[in-house]
Amino acid sequence: MTKSVRAFAPASVSNIACGFDILGFALQSEGDGRLGPGDVVTAREREPTASGQGPVRITAIAGDEGRLPLEAQRNTAAVAAKALVDDEAPGAAVDLEIEKRMPLESGLGSSAASAVAAVVSVDALLRLELPAAALLRYAVAGEVLASGGAHADNLAPSLLGGLVLVRSLDPEPDVIDLPVPEGLTCALVRPHAEVNTKESRARLDRLLPLERAVTQWGNAAALVAALYRSDLELLSRALVDVVAEPVRAPAVPGFHAAKAAAIEAGALGCSLSGSGPALFALCDGPAGARQVAAAMAGAFESSAGVDCDRLVAPLPAPGARVIDGEA
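The numbering used here puts the first residue of the sequence shown at 28, with every later residue one more than the last.
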């Protein structure tokens with residue numbers, strides 16, 4: 028019988044306002060403990076590579092409305108898995124099935140979740156027991172394909188869980204797990220729209236005025252300090268993005284109305300999740316987060332005529348894992 032392993036990697040919020048490309052946290056739905064938004068990848072061993080076939084194939088993709096490529100060299104999950112197999116198990120051959128449990132181009136790390144679930148499932152299938160840093164390094168190969176850049180602010184929290192700081196990826200990933208104040212909860216809304224990550228990154232400034240860079244550094248440092256001190260007032264002051272949000276917000280109709288509604292409803296801060304169109308707000312407790320999510324969704328509908336999905340996600344949330352048998 029063909030061996031197989033099924034793994035889940037959660038969606039994630041990246042940047043967290045002031046931490047472009049370096050800060051992110053994993054998402055888990057409030058409720059009954061079932062799998063939240065994310066991706067599931069099933070890895071199966073097959074006979075060693077035959078002529079004309081690569082070490083990794085995509086045999087099926089569900090939940091993508093037929094939009095994602097089956098060709099391995101064009102698929103984020105397959106590229107990440109191939110990087111792992113080439114280095115760690117040359118001669119092995121693996122088939123992947125991908126189940127998308129989150130929308131594409133939503134700002135919630137869809138491509139990252141695919142890459143992470145792929146390397147976790149293949150690592151378990153081949154019994155390699157690779158360290159997290161190695162799995163992250165291989166997942167980065169897939170993210171480069173998807174977004175055009177080597178960054179891990181979605182990958183690292185999707186793999187490791189929690190709220191993390193990616194200090195560096197070179198020469199090896201250096202990821203710091205940050206503390207989360209008790210009760211901190213994410214309110215998230217996803218307008219029924221899409222933003223292409225690669226195109227969004229291409230619009231960002233390559234050179235920043237020193238004054239703006241210093242402001243961003245100060246906010247990022249203050250956010251980390253606030254987490255260690257459980258200082259929600261300082262956290263609120265730090266959740267300001269002067270680098271990516273001003274460039275990306277115009278691509279999300281209703282953004283400013285939704286952000287204002289979040290703050291008025293009591294959010295500590297609010298910004299785009301990744302390149303958007305999803306917005307996140309950090310809140311002091313789940314009850315407040317539910318109110319904030321409703322306020323943001325209402326603002327999107329009234330200001331831009333856009334429907335939204337809502338999610339209330341307690342922090343910290345677990346990362347990727349083998350889920351054989353889970354729903």
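Quick reminder that beta carbons are idealized off the backbone N, C-alpha and C, glycines included. On a predicted model such as this, the values are computed, not experimentally measured, just so you know.
How would you write the range of the alpha helix (DSSP H) that arginine 275 sits in, first residue to last?
Residues 272 to 275.
Going by C-alpha distance, which of Val146, Val40, Gly169, Pro75 is nearest cysteine 213?
Val40
Taking the alpha carbon of leucine 295 as the reference point, which residue from Gly312, Pro280, Ser302 has its own alpha carbon closest?
Gly312
Residues near valine 202 in its chain [Cβ-Cβ closer than 6 Å; skip 5 each side]
Ala183, Val191, Val193
For a test of the three-state rule: what should DSSP assign to lysine 30, helix, strand or coil?
Lysine 30 falls in the coil class under three-state DSSP.
Quick one: residues in its chain with C-beta nearer than 6 Å to the C-beta of threonine 69, no 5 flanking neighbours on either side, listed in chain order?
Ser31, Arg33, Glu124
Residue interval of the beta strand (DSSP E) (run including alanine 278):
If you look at alanine 278, you'll find it isn't in any beta strand (DSSP E); DSSP assigns it neither H nor E.
Residues bridged to threonine 212 by DSSP?
Cys310, Pro341
Considering Cα atoms alone, identify which of Ala36, Arg337, Leu152 is closest to alanine 119.
Leu152
Buried or exposed: valine 241, going by 16 or more other Cβ atoms within 10 Å of its Cβ?
exposed
Kindly list the residues whose CB is nearer than 8 Å to the CB of alanine 343, restricted to its own chain and excluding five residues on each side of it in sequence; keep chain order.
Per the sequence shown, residue 343 should be read as proline rather than alanine. Phe52, Ala53, Gly188, Gly189, Leu190, Val207.
What's the C-alpha gap between aspartate 150 and leucine 157?
One C-alpha to the other measures close to 7 Å.
Boundaries of the alpha helix (DSSP H) in which glutamate 115 is found, first to last residue
First-last of the alpha helix (DSSP H) with glutamate 115: 103 to 115.
Close beta carbons around leucine 131, own chain, < 6 Å, minus the five adjacent residues each side:
Ser137.
Compute the distance between the beta-carbons of aspartate 334 and glutamate 328, then report whether it is under 8 Å.
Taking 8 Å as the Cβ cut-off, aspartate 334 and glutamate 328 qualify as a contacting pair.
Residues that DSSP places opposite glycine 296 in a beta bridge:
Leu309
Given this structure, state the Cα-to-Cα distance separating isoleucine 43 from phenylalanine 35, to the nearest angstrom.
23 Å
Determine the closest residue to leucine 266 out of Cys45, Phe282, Ala252, with distance taken between C-alpha atoms.
Cys45
For leucine 163 and leucine 135, which I take to be in contact (beta-carbon distance under 8 Å), what is that distance rounded to the nearest angstrom?
Incorrect: roughly 19 Å between the Cβ atoms, too far for contact.
How many Å lie between glycine 93 and lysine 127 at the Cα?
11 Å
For leucine 205, write down the residues that DSSP places opposite it in a beta bridge.
Leu190
Rounded straight-line distance, which links the Cα of leucine 234 to that of proline 64:
35 Å
Under 6 Å Cβ to Cβ from alanine 139, same chain only, skipping five residues before and after it: list those, please.
Glu170, Asn181, Leu182, Ser185
Using C-beta distances below 6 Å, list every residue in its chain close to valine 106, excluding the 5 sequence neighbours before and after it, in chain order.
Ala168, Gly169, Leu172
Strictly by DSSP, which residues pair up with arginine 348?
Phe35
If you compare alpha carbons, which of Ala340, Pro236, Asp48, Asp114 is closest to glycine 176?
Asp48
By a C-beta neighbour count over all protein chains shown, 10 Å radius and 16 as the cutoff for buried, is glycine 301 buried or exposed?
buried
Note down, in chain order, each residue of its chain lying with its Cβ closer than 8 Å to the Cβ of serine 56, except the 5 sequence neighbours on either side.
Gly63, Pro64, Leu338, Val339, Ala340
Rounding to the nearest angstrom, what Cα-Cα distance links valine 269 and tyrosine 255 in this structure?
23 Å
Entirely enclosed beta strand (DSSP E) segments - the segment 120 to 187, minimum 3 residues:
121 to 127
Assign glutamate 98 to one of three DSSP states: helix, strand, or coil.
coil
When the Cα of glycine 293 is compared with those of Pro280, His283, Ala320, which residue comes out closest?
Checked all of Pro280, His283, Ala320; the closest Cα to glycine 293 is Ala320.
Beta-carbon spacing of cysteine 297, alanine 284 below 8 Å
no
Suppose you measure from the CA of alanine 354 to the CA of histidine 219; what does that come to, to the nearest Å?
Here alanine 354 scores only 46 on pLDDT, less than 50, and its place in the model is too uncertain to base an answer on.
Pull up the distance between the alpha-carbon of alanine 308 and that of alanine 116, whole angstroms please.
42 Å
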